[in-house]
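All remarks here apply to the structure that follows.
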Amino acid sequence: MTYSARGTRLLKALENYCNGNKAHYFDSKMIFSKLKTTHLTEGCLKGSFVVDPSMCNIGDTLHGGYMASVMDAVSLYALISRSDGRLGWTTNMNISYLKRARLEDTITVESNLLKGGASSVMEVILHDGEGAPVAKSTTSFISGSDKFQKILKDNLDFDVFEN
11 MTYSARGTRL
21 LKALENYCNG
31 NKAHYFDSKM
41 IFSKLKTTHL
51 TEGCLKGSFV
61 VDPSMCNIGD
71 TLHGGYMASV
81 MDAVSLYALI
91 SRSDGRLGWT
101 TNMNISYLKR
111 ARLEDTITVE
121 SNLLKGGASS
131 VMEVILHDGE
141 GAPVAKSTTS
151 FISGSDKFQK
161 ILKDNLDFDV
171 FEN
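If you count the sequence shown from 1, you need to add 10 to reach this note's numbering.
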């Protein structure tokens with residue numbers, strides 16, 4: 011496991027978020043409570059999850075909407091793990107669905123920064139247990155104002171201005 015100091019603080023904040031009084035929110039309940047993070051440092055988040063029935067469509071395969079949600083959330087928190095990372099919102103997301111994943115498959119997640127700054131771009135790839143890509147996304151973000159950053163402090167007890 012590899013974590014930067016900021017990544018460690020962010021991971022701890024996410025764990026508290028998932029286990030505390032915010033555990034009912036979509037991203038805490040449906041994504042981060044199921045994702046086992048193994049690496050979080052300077053714009054790169056790696057982890058895995060096991061496909062369970064709550065993530066599947068009627069054919070017992072991983073739902074595209076769930077994959078999109080995972081890739082969106084992972085890319086944002088990977089971006090925040092950077093020393094200059096700020097809370098922002100998605101302005102564009104392109105996804106290529108490459109292969110189906112089935113119930114009980116283990117999916118690995120890896121995000122990478124393509125472009126930093128106030129207008130950032132992240133890439134996330136989901137792989138199956140054999141290493142084959144299942145889906146790939148490119149997500150663009152706009153950073154919020156300093157006032158907007160208070161949302162993370164109030165809800166996750168994470169201050170983006172600390173490194």
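Beta carbons are placed, not taken as given, at the ideal position from N, Cα and C, and that holds for glycine.
Whole angstroms are fine: how far does the CA of residue j sit from the CA of residue i?
{"i": "residue 143", "j": "residue 36", "result": "25 Å"}
{"i": "residue 16", "j": "residue 44", "result": "22 Å"}
{"i": "residue 161", "j": "residue 138", "result": "34 Å"}
{"i": "residue 48", "j": "residue 82", "result": "18 Å"}
{"i": "residue 151", "j": "residue 32", "result": "24 Å"}
{"i": "residue 124", "j": "residue 99", "result": "16 Å"}
{"i": "residue 247", "j": "residue 12", "result": "Only positions 11 to 173 of the chain appear in the structure, and residue 247 is not among them; the question remains open."}
{"i": "residue 157", "j": "residue 167", "result": "15 Å"}
{"i": "residue 136", "j": "residue 129", "result": "23 Å"}
{"i": "residue 127", "j": "residue 118", "result": "27 Å"}
{"i": "residue 30", "j": "residue 21", "result": "14 Å"}
{"i": "residue 90", "j": "residue 34", "result": "22 Å"}
{"i": "residue 155", "j": "residue 140", "result": "42 Å"}
{"i": "residue 52", "j": "residue 171", "result": "15 Å"}
Can the beta-carbon of residue i be found less than 7 Å from the beta-carbon of residue j?
{"i": "residue 18", "j": "residue 85", "result": "no"}
{"i": "residue 116", "j": "residue 58", "result": "yes"}
{"i": "residue 134", "j": "residue 147", "result": "yes"}
{"i": "residue 153", "j": "residue 96", "result": "yes"}
{"i": "residue 120", "j": "residue 46", "result": "no"}
In chain order, what residues of the same chain have a beta carbon less than 7 Å from the beta carbon of residue i, not counting five sequence neighbours either side?
{"i": "residue 114", "result": "60, 61"}
{"i": "residue 73", "result": "65, 66, 67"}
{"i": "residue 38", "result": "27, 28, 32"}
Give me the Cβ distance between residue i and residue j, rounded to the nearest whole Å; I'm assuming they're in contact under 8 Å.
{"i": "residue 145", "j": "residue 77", "result": "5 Å"}
{"i": "residue 54", "j": "residue 88", "result": "6 Å"}
{"i": "residue 27", "j": "residue 122", "result": "That belief does not hold up - the Cβ atoms of residue 27 and residue 122 are roughly 24 Å apart, past 8 Å."}
Excluding five sequence neighbours on each side, which residues of the same chain lie with their C-beta closer than 6 Å to the C-beta of residue i?
{"i": "residue 169", "result": "163"}
{"i": "residue 101", "result": "150, 152"}
{"i": "residue 42", "result": "24, 28"}
Suppose the cutoff is 8 Å on Cβ atoms and the five residues either side in sequence are ignored; what does the same chain contact list for residue i look like?
{"i": "residue 173", "result": "15, 16, 93"}
{"i": "residue 103", "result": "78, 81, 82, 147, 148, 149, 150"}
{"i": "residue 75", "result": "none"}
{"i": "residue 63", "result": "70, 113"}
request  = Kindly confirm or deny that the segment 110-123 and the segment 58-74 touch, where touching means at least three C-beta pairs closer than 8 Å.
outcome  = yes
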